[in-house]
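A quick write-up on the structure given underneath.
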Amino acid sequence: MATPLKTLIGKLNQTCRQAAERAASLCMAQGHYEVDLEHLFLALLEKPASDVSIIARRCHIQADALEADLKAEIDRFKNGNTRTPVFSAHLPKLFEHAWLIASLDTQTTRIRSGHLLLALLTEPDLAQLARRGSPLFESFRLDELKHDFAALTQGSEEAGQAVGFADGAAGHDEAGKPAPALSQTPALDQYTTNLTERAREGKIDPVIGRDAEIRQMIDILTRRRQNNPILTGEAGVGKTAVVEGLALRIVADDVPPALAGVTLRVLDMGLLQAGASVKGEFENRLKNVIDEVKKSPSPIILFIDEAHTMIGAGGQAGQNDAANLL
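Mind the numbering: the sequence shown is residues 399 to 724 in the numbering used here, read in order.
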């Protein structure tokens with residue numbers, strides 16, 4: 399199922415949106431039938447403070463030469479169109495891939511032109527088209543762009559246009575302010591609540607009358623196999639309280655050695671699904687959570703509240719649902 403183009407355009411930051419409008423104007427002025435990649439990146443290069451222009455300079459790529467290549471490629475496009483042009487099939491694909499990079503890799507709520515460039519260079523079909531437009535696209539330092547995005551885009555006008563998820567959720571305007579340092583566990587920080595940390599800070603009330611259930615859960619967790627306890631019961635009987643009781647015991651060091659120092663987190667399915675309008679985004683969010691749990695230097699127990707909602711969650715045609723991913 400393709401993501402609606404309107405949704406993807408709504409994810410663009412101001413610079414990219416203006417460039418898309420400029421690309422459409424360039425296309426119409428020359429009578430082309432489709433707005434394509436070359437129109438868009440030519441429009442972005444016209445902005446000297448955009449991510450793309452700054453990255454090109456830092457990679458020692460002459461912007462004038464790149465623009466000349468793109469113009470030469472554009473001149474070969476079929477013309478004679480007297481109607482309003484449409485976006486080529488390449489642009490929605492570019493926007494969709496760029497949104498996944500923006501939301502999952504850099505934890506921002508808007509697509510920057512640097513994300514568009516990354517999508518262009520990392521998606522094989524798009525990269526081939528880019529090289530057709532100009533061999534200079536091969537001169538961009540892709541590895542550095544992937545791992546040191548902030549340094550390569552320092553000074554860009556787009557820095558204040560890409561609001562972080564936490565800031566966006568809180569409704570704060572961070573325009574003009576430098577982006578905060580990214581966490582080592584952005585997916586866990588965004589989609590889970592650290593119960594052991596809350597217990598350590600005294601934010602969880604003592605749990606009384608659930609010792610038997612907590613002990614039973616500890617017994618299951620310390621097994622070698624079949625060690626995933628499932629808490630069942632009517633709404634309001636205290637299933638979550640049992641988990642909070644376990645967090646309190648971990649903090650008080652009142653658990654077997656196998657559970658000492660374990661971090662207990664609660665996965666928020668609502669947050670995980672919220673805003674996952676782009677195809678594959680929900681699955682990628684969940685995969686990121688799973689990967690961060692696996693890579694954590696200290697053991698993590700992930701408690702999934704309302705676990706039954708995971709069956710079928712995110713599962714579209716040809717995709718895995720959350721239960722199968724786990």
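Glycine included, every Cβ here is placed at the ideal spot set by N, Cα and C.
Through-space distance from ILE699 to ASN477, alpha-carbon basis: Position 79 of the sequence shown holds residue 477. Position 301 of the sequence shown holds residue 699. Near 60 Å, if we compare the C-alpha coordinates of ILE699 and ASN477.
Per DSSP, cross-strand counterpart(s) of GLU432: Reading the sequence shown from its first residue, position 34 is the one you call residue 432. Paired residues: VAL484.
Inter-residue Cα distance where the pair is LEU629 and VAL649: Reading the sequence shown from its first residue, position 231 is the one you call residue 629. Reading the sequence shown from its first residue, position 251 is the one you call residue 649. So the alpha carbons of these two residues sit roughly 21 Å apart.
Given 8 Å, three or more beta-carbon pairs between the segment 539 to 551 and the segment 497 to 512: yes
Range of the contiguous alpha helix (DSSP H) that encloses THR520: Position 122 of the sequence shown, counted from the first residue, corresponds to residue 520. Segment 511 to 520, the alpha helix (DSSP H) holding THR520.
Cα-Cα separation, ALA577 to GLY558: Position 179 of the sequence shown, counted from the start, is the residue given in the question as residue 577. Position 160 of the sequence shown, counted from the start, is the residue given in the question as residue 558. Confidence at ALA577 is low in this model, with a pLDDT of 41, below 50, so its placement is unreliable and the value that follows should be read with caution. Those two C-alpha atoms are separated by around 8 Å.
CA nearest to the CA of ASP467, picked from THR482, ASP587, ARG530 and ASP651: What you label residue 467 is simply residue 69 of the sequence shown in a count that begins at 1. Across the set THR482, ASP587, ARG530 and ASP651, the C-alpha of ARG530 shows the shortest separation from the C-alpha of ASP467.
Nearest to THR551 (by Cα), restricted to the options ALA427, ARG455 and ASP523: Stepping through the sequence shown from its first residue, residue 551 is reached at position 153. Among ALA427, ARG455 and ASP523, the Cα nearest to that of THR551 belongs to ARG455.
Span of the beta strand (DSSP E) around ARG663: Within the sequence shown, residue 663 is the residue found at index 265, counting from 1. Start and end: 661 to 665.
Cβ shell of THR590 (< 8 Å), same chain only, five flanking positions each side left out: Counted from its first residue, the sequence shown places residue 590 at position 192. Correct list, in chain order: ARG663, VAL664, LEU665, ASP666, VAL687 and LEU700.
As assigned by DSSP and simplified to three states, the class of ILE699: As a first step, residue 699 must be located in the sequence shown, where it is residue number 301. In the structure shown, ILE699 sits in a strand (DSSP, three-state: E or B).
Helix, strand or coil at LEU629 [DSSP, three-state]: For the purposes of this step, residue 629 is identified with residue 231 of the sequence shown, where counting begins at 1. Residue state, collapsed to three classes: coil.
Range covered by the alpha helix (DSSP H) that runs through ASN686: Within the sequence shown, residue 686 is the residue found at index 288, counting from 1. Looking at the DSSP string, the run of the alpha helix (DSSP H) that includes ASN686 is 679 to 693.
THR591 (DSSP reduced to helix, strand or coil): Counted from its first residue, the sequence shown places residue 591 at position 193. Looking at THR591 - three-state DSSP - the assignment turns out to be strand.
Pairwise C-alpha distance: SER448 and GLU556: Looking up residue 556 in the sequence shown gives position 158. Looking up residue 448 in the sequence shown gives position 50. Distance between the alpha carbons of GLU556 and SER448 is about 6 Å.
With 16 other Cβ atoms within 10 Å as the buried cut-off, status of ALA597: Numbered from its first residue, the sequence shown carries residue 597 at position 199. Label assigned to ALA597: buried.
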